[in-house]
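Residue numbers (our numbering), protein chains in the order written: chain A, 1 to 268; chain B, 269 to 532. Don't be surprised by glycine CBs; every beta carbon is placed ideally from N, CA and C.
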Ligand SMILES: Nc1ncnc2c1ncn2[C@@H]1O[C@H](COP(=O)(O)OP(=O)(O)OP(=O)(O)O)[C@@H](O)[C@H]1O
Ligand SMILES: [Mg+2]
């Protein structure tokens, strides 16, 4: 990990026009930066603009105000150094697993032998080597999500934007996938911004956790996770300090209080 | 029952299918006589079979079948290509869709077969008016299916491709086009049977070629067996066209789980 900033948001504000023509502020004045090799989680209530931030970082949508930077360069559109992964695996049913992994590199025009080499290596490291010629419908949800991870990594991005990547898989598979992700990120030294609703996932996978407020989303807290073994979330789970971090995040998110208690707290 | 293994179910189904066929043919042969239905209303199977043999030599049945089949194929292929082309075009250009949709809708509501006399007036007793009716009638199911499929592609898929810096052409050829294949084939299946309808109506209206002509000819002669033979041949032509689509579909959509294919 070095001090080079790989991903940065400077005063990013995003406004949408909703169905009735009213303007809606999704995120407001967000500033955040992720250094090289760092894994940062972003948590916050539903609808606070996390996915919106991810879309801005990947260059798919332009912010209303402010700007995002990748490797110090202003994001003006999709960028070869950034790749994203969503809750949906987005595998193409008519492509084999190998062809799905090659989807991104194929679009980028990398020659076929190199494409295949990369895809096969990735499938092997993710224990999917023997499924290269299968079709997505023949794989389980967890396996498909791993294929999506392989597709994301195949383009060799420096920054990964992950939007609740494991929230659609079962709890046990999720733990396995989390470890695979953690190891891959560590091994390749990639920088990642991970959006999640799973506080334990945020704490066990990242170096830092950023907490967003209800809409209009702002970053209201930043918690450095001072635990060893970022590449082994299963080991981290055992650590008693993890619970302290999780409770602190719950507190910041105002989870566990009824609306009445919140109102009373606000008056006090 | 539902737990039966698919092979047993298949074998049992086939056996029952054959049994139904035998019962049907037997009922056709002896039913009308037993019920006292005169043979000029429902000719028995043997009369129809005899008529079939007679028509082979006397009425050039195979020639007329060939003409109809050729018109069906031409109309079906041209109509499908045109439908697919417009489907993709309108699917990718919302402006074009807004501009053209009222007219397309009007054309879709108008009964296409009603154009047959008009086309015959324009183009005479040739094969062209028949092909044209088939084109018109095949066009819509194909176009609507393709249009809908392009419209309903998951926007996240498009975004995924965009994030890899895909060009518009790449998005079309790598996502929208392959994604449209299952609905396209659903449209083609419908189109293949409708093409026969279009061609027959065209032939009924005018000309001296094709099964539609034989149909009118048999009616004029009060030759019921001839009408029966012609209907059977038309069904055969439609069936072959449908089968052709299915064979192609199985090859193109080989990636789909097996159960999704087949059926009607
Ligand atoms: N294209 C859009 N047009 C209009 N409003 C939008 C659009 N995209 C997002 N929004 C609104 O912006 C807000 C933030 O959405 P976003 O998807 O970023 O939330 P999120 O934090 O990712 O939520 P979740 O945790 O449920 O995924 C929501 O209120 C949403 O309705
Ligand atoms: Mg979201």
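Alpha-carbon to alpha-carbon, residue j and residue i
i             : j             : result
residue 32/A  : residue 344/B : 59 Å
residue 218/A : residue 193/A : 16 Å
residue 532/B : residue 431/B : Note that residue 532/B scores 49 on pLDDT, short of 50, meaning its location in the model is unreliable; the coordinates nonetheless yield the value given after this. Going from the Cα of residue 532/B to the Cα of residue 431/B covers about 39 Å.
residue 401/B : residue 15/A  : 52 Å
residue 529/B : residue 389/B : Low per-residue confidence applies at residue 529/B: pLDDT is 49, beneath 50, and the placement is therefore not dependable enough to give any value.
residue 268/A : residue 254/A : In this prediction, residue 268/A has a pLDDT of 45, which is less than 50 and means its spatial position is unreliable; nothing more can be read from the coordinates.
residue 129/A : residue 178/A : 19 Å
residue 361/B : residue 409/B : 19 Å
residue 163/A : residue 87/A  : 6 Å
residue 512/B : residue 506/B : 10 Å
residue 412/B : residue 381/B : 19 Å
residue 385/B : residue 469/B : 9 Å
residue 229/A : residue 181/A : 13 Å
residue 115/A : residue 102/A : 6 Å
residue 23/A  : residue 426/B : 26 Å
residue 225/A : residue 79/A  : 29 Å
residue 269/B : residue 277/B : Since pLDDT at residue 269/B reaches only 46, below the 50 mark, its modelled position is unreliable, and the value read off the structure follows with that caveat. For residue 269/B and residue 277/B, the distance between alpha carbons rounds to 9 Å.
residue 416/B : residue 333/B : 35 Å
residue 202/A : residue 222/A : 12 Å
residue 122/A : residue 107/A : 18 Å
residue 113/A : residue 105/A : 11 Å
residue 377/B : residue 397/B : 20 Å
residue 149/A : residue 372/B : 44 Å
residue 89/A  : residue 34/A  : 25 Å
residue 516/B : residue 457/B : 11 Å
residue 407/B : residue 326/B : 36 Å
residue 451/B : residue 21/A  : 35 Å
residue 83/A  : residue 19/A  : 30 Å
residue 208/A : residue 171/A : 23 Å
residue 245/A : residue 4/A   : 27 Å
residue 175/A : residue 419/B : 37 Å
residue 474/B : residue 461/B : 21 Å
Beta-bridge pairing of residue i - partner residues as DSSP gives them
i             : result
residue 382/B : None, per the DSSP bridge assignment.
residue 41/A  : 194/A and 209/A
residue 82/A  : 159/A
residue 16/A  : 24/A
residue 5/A   : 35/A
residue 10/A  : 67/A
Residue i beta carbon near ligand 2 (any heavy atom closer than 7 Å)
i             : result
residue 36/A  : no
residue 51/A  : yes
residue 163/A : yes
Limits of the unbroken alpha helix (DSSP H) element including residue i
i             : result
residue 142/A : 141-154
residue 124/A : 112-125
residue 280/B : 274-303
residue 535/B : Nothing can be reported for residue 535/B: it is not among the residues displayed for chain B, which extend from 269 to 532.
residue 173/A : 171-188
residue 424/B : 423-431
residue 75/A  : It is not in any alpha helix (DSSP H) - residue 75/A carries neither H nor E in the DSSP assignment.
residue 250/A : 241-253
residue 404/B : 396-419
residue 461/B : 449-473
residue 165/A : It is not in any alpha helix (DSSP H) - residue 165/A carries neither H nor E in the DSSP assignment.
Start and end residues, beta strand (DSSP E) containing residue i
i             : result
residue 35/A  : 23-35
residue 59/A  : First-last for residue 59/A: undefined, no H or E at that position.
residue 318/B : That residue, residue 318/B, is in no beta strand (DSSP E); its alpha helix (DSSP H) goes 313-326.
residue 70/A  : 65-70
residue 223/A : 219-224
Near ligand 1: residue i beta-carbon under 7 Å from a heavy atom
i             : result
residue 24/A  : yes
residue 18/A  : yes
residue 215/A : yes
residue 58/A  : no
residue 48/A  : yes
residue 44/A  : yes
Residues that residue i contacts on chain C, provided the C-beta gap is smaller than 8 Å
i             : result
residue 135/A : This model lacks chain C altogether; the protein chains it does include are A and B.
Contact test: residue i Cβ vs ligand 4 heavy atom, cutoff 7 Å
i             : result
residue 495/B : In the structure shown, ligand 4 is absent; the only ligands present are ligand 1 and ligand 2.
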